[in-house]
Amino acid sequence: MSSFEYDVAIVGCGPVGALAGNLLGRAGLSTLVVESELLPHPLPRAVHVDHEMMRLFQAAGVIETIAQGMRDTDGHLHIGADHGVIRYMGTIGRPRPFGWSSDYFFYQPELEARLRAALEAYPQVQLCLGTSFAALSSDGAGVSLSLRSGMREWQTRARWVLACDGASSPVRKALGIELEDLGFDEPWLVIDAEVEGPVRFPELSGVPAGANLQRLSVMMCDPERPATIVPGRGNHRRWEFMLLPQEIEAEAVAPDRVAELIDPWLRGVPHRMVRATTYRFHGLIARQWQAGAVFLAGDAAHQTPPFFGQGMCHGMRDVANLAWKLALVKSGGAPESLLTTYQLERETHVRKIIGAAIDAGRYICVLDRQAASLRDVAMRKKAKLAVPTTAADLIPALADGVILQGSSGAGERFIQPWVTRGSGRALLDEVTGGGWRLFVGTVEAAEDARRELRKYPRLPAISVVPIPQLTDDGALTGWLLRHGAHAVLVRPDFYVFGTLSGSAPVERLLHSLSEALGIWRKP
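Residue numbers (my numbering): 23 to 545.
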C-alpha cells in the first residue's frame, strides 16, 4: 500500500508542531496536524527565542503577527555569591549581524495561538484539534496512523510523520525509543506573575555600562538559593527558584511560600500571580530520532536545562531542518536517503547546547558558600580572557551532513544584514527570498554561475545574488573577506553549505551539492 492522504502528519501542535505546519504548508506539502487539546495551553511555559527563531518566523511568513508579542532584550547576566557579575552574555552596544536581537521573550499561549491561526492560510494543511494519537504502523512505504477524537477512532495515512508531542511523547513510547540521561536532574520552582512596575534587584556590582536590569535575564548564583529573574513580554515576569535538598515540591507551591519567595523582588510593586509549579530541569536525548518514516522533534527528541533559553529553539531548528528536506524529497529532487542527515546534523547541535547548559547548571547550583566564592574568582578570570558572546553564540557550526566540508564557513549560520530596497530598507531574506541562494562577489561571476547552473538541471532551484547589486553597508562583502571567499551557497534553513576561495569555480560547489543531496550531475 503506497497511497497517502497526506505528505506529512504532525502529532502535536505546540509551538514546534505549529511552526512545522506553517513551514510545510508554505512549501506546498499536504499536511495533517493533530493536537489533543482544543485550545493552546493557557499557562506560560517556554519564554525565550533567539534571532534564528525570528528568522524562521520570517521564512514561515508569520513574522508580522509573531513580532507583536515579542519583547526584545539584552541577554543574560550571571551574578555571583557576592552579588557581583561573573558572566555576561548579551548584546549591549554590539551589532546584530543576523538582523534580529539575540534574545526575545514571549508569552507562550499567545505564540501558539498565532502560529495555529496562521495555518488557516494553507488549504493543504488540516488542523484537527481535540484529536489524540492512538497507534501507528509502518510498512516501508509510509505510515498508517490511528487517531482518536472523542469516542471515535479513525485512521489516516501519511508518507512521513513528525512527532512534536512533547517530553512524554506517546509516539516515541509507541516506537520503543529510549532516552539517554546526560546526568543532570534538579527540581526548581517556577513562578509567573503579571507585574505593574519594575522588579526590585539587590545592589549589584560589575553590571555592564548601559545595562538595564529590567531588560536582562538575571541568574542569581547565590548558594543560599539559586534563582533566575526573567523579563517576559509586556508585564509578564518569571522567577525560577532552585529547591533546596530538604524542601518538598508539594509544599513549595503553597501560596504563602510563593509569596515569601518573590516578596524581596516585588515588595510594594502591584502584581497578580499567574501560576507556581515545580519542574525537573534535566538533560535527556533520544537515542534514535528517526524510525523509518517517523521523526522525533522538539522535546520528544531532547530536553535541555533552561539556563540559556534554548529548549524550544532546539525544536524549531529540528523542524526547519526537516521541512526543506521533506519538500525536496517530495518533489523528486533528492532521494529518501537525504532524510538520514536530520539526526546527523541536529544531534551535534543539541548535545553541544545541552552540555553547555548542564555545565552552567552545575556552577549555578553550587550550595556551598566557600565553593561558590572560589567559583566566582575562577569565572571572573575566565571572563577577562574570553571574547564577549551571547547565548546564541553557543550554537556550533554544522560538522557533518549537507555541507561542503573543508570550505571556510561551511555549517555556520549565514548573516542577514539590512539592505536598501527602493527608498526603504529591509532584511536580506525579504529582498532575496528564501530557498537556496548563491551569493557572489561580482556581476560577472553571477552570469558565469547562472550558465553553470544550467548544466545541473536536477539540482533544486538556486537564486544567484550578485552582492554589488545590494546596498548593505558592506556586511556581505565583509563576510566573504573574513572567510577568504568569492562565493557562498546558503541552504534554505540559512546555514552555509559551502564557500569558494581562490580560483575555485562555481562548478565545485554545484557538483559537491549534487553529491551531498544524493543526486548526480546529468551526463
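Using N, Cα and C, we set each Cβ at its ideal position, and we do this for glycine too.
What you are looking at is a predicted structure, and each value in this text was computed from that prediction instead of being measured.
Can you look up residue 103 in the DSSP assignment and give me helix, strand or coil? coil
Three-state class that DSSP yields for residue 491 in the structure shown: helix
DSSP state of residue 544, grouped into three classes? Because the pLDDT of residue 544 is 45, which lies under 50, any placement of that residue in the model is unreliable, and the number read from its coordinates should be weighed accordingly. If DSSP states are grouped into helix, strand and coil, residue 544 belongs with coil.
Could you give the C-beta distance for residue 308 and residue 201, rounded to a whole number, given that I count them as a contact under 8 Å? 6 Å
Mark residue 143 as exposed unless 16 or more other C-beta atoms lie within 10 angstroms of its C-beta, in which case mark it buried. exposed
My output table needs one value for residue 376: the three-state DSSP class, helix, strand or coil. helix
On the DSSP bridge assignment, give the partners of residue 174 in chain order. 171
Kindly indicate the opening and closing residues of the beta strand (DSSP E) around residue 148. 147-151
Delimiting residues of the alpha helix (DSSP H) encompassing residue 132: 130-140
At which residues does the beta strand (DSSP E) containing residue 262 begin and terminate? 258-264
Closest Cα partner of residue 215 within the set 206, 252, 194: 252
Residue from 313, 506, 240, 192 whose Cα sits closest to the Cα of residue 181: 313
Around the Cβ of residue 257, are there at least 16 other Cβ atoms within 10 angstroms (buried) or fewer (exposed)? exposed
Thinking residue 38 and residue 296 are a contact (beta carbons under 8 Å), I'd like their distance in whole angstroms, please. In fact, because the Cβ distance is near 23 Å, the residues do not count as touching under 8 Å.
If you draw a straight line from the C-alpha of residue 176 to the C-alpha of residue 133, how long is it? 30 Å
Please report the distance separating the alpha-carbon of residue 306 from that of residue 376. 8 Å
Which parts of the stretch 24-75 are runs of the alpha helix (DSSP H), unbroken and 4 residues or longer, counting only runs that do not cross its ends? 37-48
In terms of residue numbering, what span does the alpha helix (DSSP H) encompassing residue 469 cover? 465-475
Hey, residue 502 and residue 463 are a contact pair by Cβ (cut 8 Å); roughly how many whole angstroms apart? 6 Å
Would you mind sorting residue 479 into buried or exposed? The rule is 16 or more other CB atoms within 10 Å of its CB. exposed
Once the 5 residues before and after residue 287 are set aside, which same chain residues still bring their CB inside 6 Å of it? 221, 222
DSSP on residue 310, reduced to helix/strand/coil? coil
Check whether residue 101 and residue 241 have beta carbons under 8 Å apart: yes
Coil, strand or helix - residue 499 by DSSP: helix
Coil, strand or helix - residue 364 by DSSP: helix
Under a three-way DSSP split, which group does residue 546 fall into? With the chain covering only 23 through 545, there is no way to say anything about residue 546.
Ordered along the chain, which non-local residues of its own chain (more than five positions away) have a Cβ less than 8 Å from that of residue 544? Because the pLDDT at residue 544 is just 45, under 50, the model does not fix this residue reliably, and the value given afterwards should be weighed accordingly. 477, 478, 479, 480, listed in sequence order.
Here's the rule: buried if 16 or more other CB atoms are within 10 angstroms of the residue's CB, otherwise exposed. What is residue 413? buried
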